[in-house]
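**Q** Residue numbers (UniProt numbering): 1 to 323. Idealized CB from N, CA, C, for every residue including glycine. Just passing along the structure, written as structure tokens.
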Amino acid sequence: MKPTKELAEMYEVPVFQDFAEFLRSSLAQRTDGVIISSTHTTHCSLGLQAAEAKLHIFMEKPMTTSSIEARKLLCAAKDLKSLGKVFMVNHSANFTNQALRAREILRAGKIGEVEHVTCHMIREREFFEDLQNQLWVCSSEGSAAGNGFAWGQSCHTLAWVYFVTGLIPQSVFCKMVYSKKTGADIFTSAIIECTNGATITCQGLAGLPGGNSVGSASATGKLIENKIFGSKGCLLYSGDDADPGSGQLEVCSDGFHEVMPGFYFENTTKEGFGPESLRCFGDACRGKTITNCSDAYVSLQVVLTIEAMYESAKSGSVQKIRE
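Structure below.
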């Protein structure tokens, strides 16, 4: 983390006071796309400005923290698509070969109709109990219903599930445990009912000891487990996202069994050219044909679900997904 002035000198780029100033500059006229990685609640405003300028958009997750704003961005994304532009959200796990293969297998009906999904992510508690980590732990800001593990991490897991399965959430019941230091949700447990009758159990668990493993010397990453059960079989994908050798994609059903080695999820390594999602966005900006594995529609389902999770945890009752 460095001050803006030092970052500008390091990357040899100009600095603007705000996004509007950039859009008025001559640089904007020769820009193909923008990466929006500001605080969650500013995504909508910046995204709409970028869409108005007809730029390719790569937005950090979550897409936003409001269902109303998410629907506005979905409309903007549809307009961009008609112009041959992409609107992509950085749910990076969706862009791995394992995610694409899992989606292909389910679409081919290898495990039948999806009836139940279990998914959870476990990471360090300390990350959500650092008072200086305002982006991730402030109780809420702007349009956000809350803040903590759900917006920060469960969005990855849910985006993967919705992309792979095509399920659409209908209602949510959720319980949360909050940090006594920051007020952030550190343990979340949700039951999600989908429109086809399937259910999803989603847990977010800030229970590991130690600091943030991303960029640190720690050998342990986030522990992730995704299991999809269908009428004919199941799909299993679990592991440690800092250790590709810790897991695999496995599909089991009557007369069909496939194993795809390796567990890849967020891809936070500093080496190489960045995660698959960012490389895909670069290809889109260069005019190449790409598969948008985390478009505005998938991201809308994530926002609708997590917003309902926070509201259900506060009310203690089942929360219907907002129309």
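1) Rounding to the nearest angstrom, what Cα-Cα distance links residue 91 and residue 162 in this structure?
2) Can you tell which of 154, 284 and 104 has the C-alpha that lies nearest to the C-alpha of residue 188?
3) Can you look up residue 288 in the DSSP assignment and give me helix, strand or coil?
4) Put residue 94 into one of helix, strand or coil per three-state DSSP.
5) Under the DSSP definition of a beta bridge, which residues are partnered with residue 43?
6) The alpha helix (DSSP H) spanning residue 334 covers which residue range?
7) For residue 89 versus residue 165, is the C-beta distance shorter than 8 Å?
8) By a C-beta neighbour count over all protein chains shown, 10 Å radius and 16 as the cutoff for buried, is residue 272 buried or exposed?
9) Out of 21, 309, 282 and 234, state which residue places its alpha-carbon closest to the alpha-carbon of residue 252.
10) Between residue 136 and residue 184, how many whole angstroms is the CB-CB distance? I'm expecting something under 8 Å.
11) Checking 8 Å against the spacing of the C-beta atoms, do residue 129 and residue 85 come in under that value?
12) With contact counted as at least three CB pairs below 8 Å, one residue from each stretch, are the stretch 194-206 and the stretch 167-182 in contact?
13) What are the boundary residues of the beta strand (DSSP E) that includes residue 240?
14) Confirm, please, whether the CB-CB distance from residue 83 to residue 54 is below 8 Å.
15) Say whether the stretch 16-28 touches the stretch 256-269, bearing in mind that this needs 3 or more beta-carbon pairs closer than 8 Å, one atom from each stretch.
16) Write down the C-beta distance between residue 33 and residue 285 rounded to the nearest angstrom, noting that I regard them as a contact closer than 8 Å.
17) Can you tell me the Cα-Cα spacing of residue 214 and residue 244, whole angstroms?
18) Along the alpha helix (DSSP H) that carries residue 7, what are the first and last residues, could you check?
19) Please report the residue range of the beta strand (DSSP E) in which residue 305 lies.
20) Return the CA-CA distance between residue 21 and residue 49, expressed in angstroms with no decimal places.
21) Would you grab the beta carbon distance between residue 301 and residue 105 for me? Rounded to a whole angstrom, and I think it's under 8 Å.
22) My output table needs one value for residue 165: the three-state DSSP class, helix, strand or coil.
23) I need the boundaries of the beta strand (DSSP E) containing residue 58, first residue and last residue.
24) So which of 221, 69 and 47 has the shortest CA-CA distance to residue 123?
25) So what does residue 250 bridge to, in DSSP terms?
26) Can you check whether the CB of residue 294 is closer than 8 Å to the CB of residue 159?
27) Rank 309, 30, 58 and 38 by C-alpha distance to the C-alpha of residue 279 and give the top, closest one.
28) What are the boundary residues of the alpha helix (DSSP H) that residue 186 is part of?
29) Could you pull out every residue in the same chain whose Cβ sits closer than 6 Å to the Cβ of residue 236, ignoring the five residues on either side in sequence?
**A** In short, the structure shows the following:
1) 11 Å
2) Per the Cα distances, 154.
3) coil
4) helix
5) Looking at the DSSP assignment, residue 43 forms no beta bridge with any residue, so it has no partner.
6) As displayed, the chain neither begins before 1 nor continues past 323, which places residue 334 out of reach and without an answer.
7) no
8) exposed
9) 234
10) 7 Å
11) no
12) Output reads yes: the stretch 167-182 touches the stretch 194-206.
13) 233-240
14) Yes, the pair counts as a contact, with Cβ atoms nearer than the cut-off.
15) no
16) Indeed they touch by this definition, with Cβ atoms about 4 Å apart.
17) Here the model assigns residue 214 a pLDDT of 42, short of 50, so the residue's position is not dependable, and the following value carries that caveat. Residue 214 and residue 244: Cα-Cα distance of roughly 15 Å.
18) 4-11
19) Taken as a continuous stretch (DSSP letters only), residue 305 belongs to no beta strand (DSSP E), being part of the alpha helix (DSSP H) at 296-315.
20) Roughly 11 Å separates the two Cα atoms.
21) In fact, because the Cβ distance is near 20 Å, the residues do not count as touching under 8 Å.
22) helix
23) 56-59
24) Out of 221, 69 and 47, 221 has the C-alpha closest to the C-alpha of residue 123.
25) Answer is 236 and 259.
26) Their beta carbons are under 8 Å apart, which means residue 159 touches residue 294 by this criterion.
27) 58
28) Residue 186 -> not in any alpha helix (DSSP H); beta strand (DSSP E) instead, spanning 185-194.
29) 227 and 250
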